[in-house]
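Shown next, in structure tokens, is the structure this report addresses.
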Amino acid sequence: MGSTVPDIDPGVRQRLTLRFGSEVRAWFDELSGLLIALAEKWQFELGSQIPRGSVAAVFHCRMADGRRAILKVSPDRRRLAFEAAALGAWHAVHTPTVIAQDEQLGALLIEAIEPGTPLNVSSIYPATESVGELLGSLHGSAVPDPSYPTVEKRVAYLFDSSAKLYEGHSELLALVPRTLYERGRQLATRLAQQDFPIVLLHGDLTPSNILDGGVKRGLVAIDPAPCLGDAAFDAVDLILWQADDLETIAARIERLAAATGVDAGRLLGWCVAFAGMDALDRASQGNGPRSRRPSGRDAGRVSTGWKSHRSCCAARRHRGMGVRFFRSWRPEFVRCAPLQRQIRVQKRGSKVVPVGTPNRPNAALHARDSTSAPERR
Ligand SMILES: Nc1ncnc2c1ncn2[C@@H]1O[C@H](COP(=O)(O)OP(=O)(O)O)[C@@H](O)[C@H]1O
Ligand SMILES: [Mg+2]
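Just so we're aligned: 196 in the working numbering is position 102 of the sequence shown, and the numbers increase by one with no gaps anywhere.
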């Protein structure tokens with residue numbers, strides 16, 4: 095089928111360059127040829143580019159039979175191959191169908207989800223039932239293949255990549271002390287190592303990777319970074335999203351645990367483990383474009399810059415919220431009964447002491463209390 099290759103979105107080019115380094119230029123040089131070859135091979139008409147990818151260039155397409163599809167091409171062929179394998183394994187309403195893939199070419203053709211608005215674009219917080227259905231379908235429908243990486247590896251990757259947010263931004267150290275961040279890593283590692291039923295995890299279930307699939311289909315997950323581990327891990331981003339206080343988080347955990355049967359203590363444990371990263375992520379967004387330092391937890395949200403005064407103000411509000419969220423959590427962490435149990439388990443199993451302990455609240459956080467209140471904007 096005839097295809098005209100659209101101009102490559104500069105934001106996508108920038109994000110991929112930041113992620114993969116300047117060597118990705120050679121890949122971009124060959125991209126037009128690759129797209130034309132793929133259109134010929136898989137018989138689709140190439141449409142416009144979706145200006146949102148951060149590890150891939152993503153395009154609308156139309157198949158010869160009229161079906162709408164999405165083409166993803168990425169220099170990270172391995173990641174795309176894992177993505178295709180997991181999407182193929184799920185066979186679910188809540189993930190797109192794989193139409194074709196070519197690991198060598200680093201290309202994946204999948205069903206287009208309609209209307210397909212990502213949660214972080216609509217900003218609509220989904221109902222617990224929808225989240226429960228999504229998680230249940232992801233975690234219940236596939237037999238885990240042992241060749242996927244472990245969640246422990248994923249944790250290490252996420253903490254390593256998000257730590258780059260500190261680079262050149264020492265003010266973030268005052269907001270989220272490095273010791274606290276590292277305790278989050280220790281707790282997450284410990285949770286990952288614990289003997290718990292293993293499922294195939296999506297691994298990157300952030301609001302930007304969850305699409306509105308319409309009334310019949312509900313939420314649809316795209317762009318997995320599949321790994322093997324405890325089901326509770328996948329819920330963290332949604333539980334923390336748009337949450338400004340512990341009550342919201344506790345209520346979400348309770349509702350989600352009731353709806354899915356996922357262990358509430360584990361949900362809370364993972365939330366605590368990622369709280370520092372989440373606060374760092376939120377705080378860093380108020381400092382200007384995040385594009386220079388993609389965060390692992392939600393690299394898809396990396397933006398190329400503040401496009402308008404409005405988005406800039408929104409980002410500042412977000413930053414204040416992140417800090418408030420983080421600070422208000424601290425005493426609550428200490429009092430929270432399920433968390434205390436979680437921490438005791440951790441302490442018995444090892445010397446790791448996560449964010450706070452029931453009897454000895456985190457010293458670094460107490461030090462934070464004596465400093466002046468962070469800027470509210
Ligand atoms: N199957 C799909 N249906 C509809 N839109 C999609 C689909 N897959 C991706 N998209 C759109 O493309 C964007 C980027 O895709 P994604 O797979 O998340 O790329 P990346 O791996 O670079 O983050 C998504 O946020 C979404 O807007
Ligand atoms: Mg994505």
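The beta-carbon is built from N, C-alpha and C at its ideal position, and this holds for glycine as well. Here the structure is a predicted model, which means the values were calculated and not measured.
Closer than 7 Å to some heavy atom of ligand 2: that describes the Cβ of Asn303. In summary, Ser302 is buried, with 16 or more beta-carbon neighbours lying within 10 Å of its beta-carbon over all protein chains present. Checking the DSSP bridge columns, you'll see Gln143 partnered with Phe153. Secondary structure at Asp289: coil, using DSSP grouped into helix, strand and coil.
Taking 8 Å as the cut-off, the Cβ atoms of Leu140 and Val99 count as close. Runs of the alpha helix (DSSP H) lying entirely within the region 202 to 235 and spanning at least 4 residues, in chain order: 213 to 216, 222 to 234. According to the DSSP assignment, Ile333 belongs to the alpha helix (DSSP H) that extends over 330 to 334. By the Cβ criterion, the region 217 to 229 is in contact with the region 323 to 336, since at least three pairs of Cβ atoms, one from each stretch, lie closer than 8 Å.
Taken through DSSP and simplified to helix, strand or coil, Ala250 comes out as helix. If you compare the alpha carbons of Ala131, Phe153, Arg173 with that of Phe114, the shortest gap goes to Arg173. The C-alpha of Ala250 lies about 19 Å from the C-alpha of Glu177.
By the criterion of a C-beta distance shorter than 7 Å, Ser235 is surrounded in its chain by Trp184, His185, Ala186, once the five residues flanking it on both sides are discounted.
Measuring C-alpha to C-alpha distances from Pro291 to each of Leu322, Gly312, Leu313, Leu299 identifies Leu322 as the nearest.
Closest in C-alpha terms to Ala175, from the list Thr342, Ala352, Ala319, comes Ala319. The C-beta distance from Leu125 to Ile102 rounds to 7 Å, short enough to meet the 8 Å contact threshold. Per DSSP, the beta bridge partners of Thr244 are Leu322.
Assigned with DSSP and collapsed to three states, Arg171 falls in helix.
Pairwise C-beta distances place the region 205 to 212 in contact with the region 149 to 162, as three or more of them are shorter than 8 Å. In this structure, the straight-line span from the alpha carbon of Ala282 to that of Leu165 is close to 34 Å. Relative to ligand 1, Ile316 has its C-beta within less than 7 Å of a heavy atom. Taking C-alpha positions only, Arg279 is separated from Leu362 by approximately 15 Å. Comparing C-alpha distances from Asp239 to each of Gly370, Arg360, Gly182, Ala268 shows the shortest one belongs to Gly182.
The three-state secondary structure of Ile102, taken from DSSP, is coil. DSSP assignment within the region 255 to 316 yields the following whole beta strand (DSSP E) runs of 3 residues or more, N-terminal first: 293 to 295, 304 to 306, 313 to 315.
The DSSP-derived three-state label of Asp357 is coil. The three-state secondary structure of Arg162, taken from DSSP, is strand. Judged by the Cβ position, Arg349 fails to qualify as a neighbour of ligand 1 at the 7 Å threshold, every heavy atom of the ligand being at least this far.
Pro169 has its CB no nearer than 7 Å to any heavy atom of ligand 1.
When DSSP reads this structure, Ala194 sits in a beta bridge with Leu203. Taking a C-beta distance under 8 Å as the contact criterion, Leu299 and Val245 do not qualify as a contact pair. When the five nearest sequence neighbours on each side are left out, the beta carbons in the same chain lying within less than 7 Å of the beta carbon of Thr354 are those of Gly226, Leu229, Gly230, in order along the chain.
At a Cβ-Cβ threshold of 8 Å, Val314 and His188 count as neighbours. Under the DSSP definition of a beta bridge, Phe138 partners with Met157.
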